[in-house]
Amino acid sequence: MAIRADAASAVARPHDSDPEMGAAALRTDPARARQRPLPDPKPLTQHGPARVIAMCNQKGGVGKTTSTINLGAALVEFGRKVLLIDLDPQGALSVGLGVPAQNMDRTIYNVLMERQTGLRDVRVATDIPGLDLVPSNIDLSAAEVQLVSEVAREQTLLRVLAEVRDEYDYVLIDCQPSLGLLTVNALTAAQGVVIPLECEFFSLRGVALLVDTIDKVKERLNPSLEINGILATMYDSRTVHCREVFSRVVEAFGDTVFQTVIQRTVRFPETTVAGQPITTWAPTSTGAAAYRDLAREVLAP
155 MAIRADAASA VARPHDSDPE MGAAALRTDP ARARQRPLPD PKPLTQHGPA
205 RVIAMCNQKG GVGKTTSTIN LGAALVEFGR KVLLIDLDPQ GALSVGLGVP
255 AQNMDRTIYN VLMERQTGLR DVRVATDIPG LDLVPSNIDL SAAEVQLVSE
305 VAREQTLLRV LAEVRDEYDY VLIDCQPSLG LLTVNALTAA QGVVIPLECE
355 FFSLRGVALL VDTIDKVKER LNPSLEINGI LATMYDSRTV HCREVFSRVV
405 EAFGDTVFQT VIQRTVRFPE TTVAGQPITT WAPTSTGAAA YRDLAREVLA
455 P
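Using my numbering, the letters of the sequence shown map in sequence onto residues 155 to 455.
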């Protein structure tokens, strides 16, 4: 799906001169109004090659890691094999799945920087059958500097992914909250981008810059890159602000916005402590149902 940078700029600015901004949102829940039935995906007869999706937003705290874990787990429920790649030196994805990456000798850093180390050497199986993880820790922070001197440095992740793509149906990359070289590597390796976006105005301010970066990567490095969609996170229909922001995002980006929204819930912090996806920790919760719906949208033809 194409997103114009001028549309991103428009959504990033509150329109002070528009007293009617969000008027419809004040009367009803704009997210609920967009809900449509989502069919279950068809079962697979074989696995691979994987579609690579980068979970990307340069602003932190918008739900990238939570969405990566739970979208991956929901895709597994629909019979897909999924590989999660932690491309953030903070290692939150690894922590969220209960993997002690800080104590590991080999992580994604070694795969990127050492020719003799492959993804098969560092990936670990999670407690969810069919869901594997390539962990990360603080060592990865050095890769951003060390990759600068490498030939074709933006394509390092793309090259190392080649050895395992036939084993999986989806590879989800949890990007760090920046638009540096690691994130560019993720965008170069991906066919799609999911942009988690917190429903508040400060989160909207960086959308134009992110879309511009995606456009540049598409033009110069990865012509097959497209935006799968914008995912509204931390949504609370009880607040006027959330409803206004969501209405503005839909107004600017239209069908590029997933109809699935991720509501605020105390269940998500609980899952981080438990080291499990919400689909197994609280399988009947609204959060688990939302990520299953997101998986249906991602899998839709």
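Glycine included, C-beta positions come from ideal geometry on N, C-alpha and C.
Among residues of its own chain, excluding the 5 on either side of residue i, which ones have a beta-carbon nearer than 8 Å to its beta-carbon?
{"i": "residue 178", "result": "At residue 178, the pLDDT of 45 sits below 50, so the modelled position is not reliable; the number obtained from the coordinates is stated separately. Only 184 and 401 meet the Cβ criterion."}
{"i": "residue 274", "result": "317 and 318"}
{"i": "residue 300", "result": "267"}
{"i": "residue 260", "result": "271, 275 and 276"}
{"i": "residue 214", "result": "331"}
{"i": "residue 314", "result": "265, 266, 272 and 273"}
{"i": "residue 255", "result": "240, 245, 248, 249, 261, 289, 290 and 291"}
{"i": "residue 419", "result": "439, 440 and 441"}
Let me make sure I understand the geometry here. Which of the options has the alpha-carbon closest to that of residue i?
{"i": "residue 245", "options": "404, 290 and 385", "result": "290"}
{"i": "residue 212", "options": "333, 437 and 323", "result": "333"}
{"i": "residue 198", "options": "231, 190 and 210", "result": "231"}
{"i": "residue 403", "options": "302, 256, 384 and 306", "result": "384"}
{"i": "residue 234", "options": "187, 440, 323 and 446", "result": "323"}
{"i": "residue 376", "options": "452, 420 and 343", "result": "343"}
{"i": "residue 361", "options": "192, 306 and 348", "result": "348"}
{"i": "residue 374", "options": "249, 306 and 209", "result": "306"}
{"i": "residue 440", "options": "255, 422 and 381", "result": "422"}
{"i": "residue 369", "options": "420, 359, 248 and 341", "result": "341"}
{"i": "residue 298", "options": "428, 321 and 337", "result": "337"}
{"i": "residue 206", "options": "321, 367, 355 and 363", "result": "321"}
{"i": "residue 210", "options": "363, 191, 190 and 427", "result": "363"}
{"i": "residue 407", "options": "382, 429 and 427", "result": "382"}
Can you check DSSP and say which residues form a bridge with residue i?
{"i": "residue 347", "result": "208 and 381"}
{"i": "residue 327", "result": "208 and 239"}
{"i": "residue 403", "result": "Residue 403 pairs with nothing; no bridge assigned."}
{"i": "residue 310", "result": "According to DSSP, which records beta bridges pairwise, residue 310 is partnered with nothing at all."}
{"i": "residue 285", "result": "236"}
{"i": "residue 352", "result": "387"}
{"i": "residue 270", "result": "BP columns for residue 270 are empty, so no partner."}
{"i": "residue 278", "result": "287"}
{"i": "residue 417", "result": "389"}
{"i": "residue 411", "result": "384"}
In whole angstroms, what is the alpha-carbon distance linking residue i and residue j?
{"i": "residue 454", "j": "residue 444", "result": "15 Å"}
{"i": "residue 310", "j": "residue 411", "result": "30 Å"}
{"i": "residue 264", "j": "residue 271", "result": "6 Å"}
{"i": "residue 268", "j": "residue 288", "result": "15 Å"}
{"i": "residue 436", "j": "residue 201", "result": "28 Å"}
{"i": "residue 292", "j": "residue 222", "result": "19 Å"}
{"i": "residue 180", "j": "residue 405", "result": "Because residue 180 sits at a pLDDT of 44, beneath the cut-off of 50, its placement in the model cannot be relied upon, and the following sentence gives the value as read from the coordinates. So the two alpha carbons sit approximately 15 Å from each other."}
{"i": "residue 295", "j": "residue 182", "result": "45 Å"}
{"i": "residue 409", "j": "residue 196", "result": "23 Å"}
{"i": "residue 450", "j": "residue 193", "result": "7 Å"}
{"i": "residue 378", "j": "residue 285", "result": "25 Å"}
{"i": "residue 438", "j": "residue 303", "result": "49 Å"}
{"i": "residue 425", "j": "residue 452", "result": "23 Å"}
{"i": "residue 483", "j": "residue 446", "result": "Absent from the model: residue 483. The displayed extent of the chain is 155 to 455, so no value can be given."}
{"i": "residue 190", "j": "residue 355", "result": "26 Å"}
Output needed for residue i: all residues of its chain with C-beta closer than 7 Å, excluding positions within five of it in sequence on either side, in chain order.
{"i": "residue 216", "result": "350, 351, 352, 357 and 387"}
{"i": "residue 396", "result": "353, 389 and 390"}
{"i": "residue 339", "result": "308, 310 and 311"}
{"i": "residue 282", "result": "227, 230, 431 and 434"}
{"i": "residue 253", "result": "278, 287 and 289"}
{"i": "residue 208", "result": "327, 329, 340, 341, 344 and 347"}
{"i": "residue 258", "result": "289 and 291"}
{"i": "residue 442", "result": "432, 433 and 436"}
I believe residue i touches residue j by the beta-carbon criterion, under 8 Å. Please report the beta-carbon distance rounded to the nearest angstrom.
{"i": "residue 225", "j": "residue 326", "result": "6 Å"}
{"i": "residue 188", "j": "residue 413", "result": "5 Å"}
{"i": "residue 251", "j": "residue 280", "result": "5 Å"}
{"i": "residue 204", "j": "residue 238", "result": "That belief does not hold up - the Cβ atoms of residue 204 and residue 238 are roughly 12 Å apart, past 8 Å."}
{"i": "residue 328", "j": "residue 247", "result": "4 Å"}
By Cβ distance below 6 Å, which residues in the same chain neighbour residue i in space, the five residues on each side in sequence not counted?
{"i": "residue 176", "result": "Because residue 176 sits at a pLDDT of 44, beneath the cut-off of 50, its placement in the model cannot be relied upon, and the following sentence gives the value as read from the coordinates. 398 and 401."}
{"i": "residue 415", "result": "185, 386 and 389"}
{"i": "residue 372", "result": "379"}
{"i": "residue 367", "result": "333"}
{"i": "residue 428", "result": "435"}
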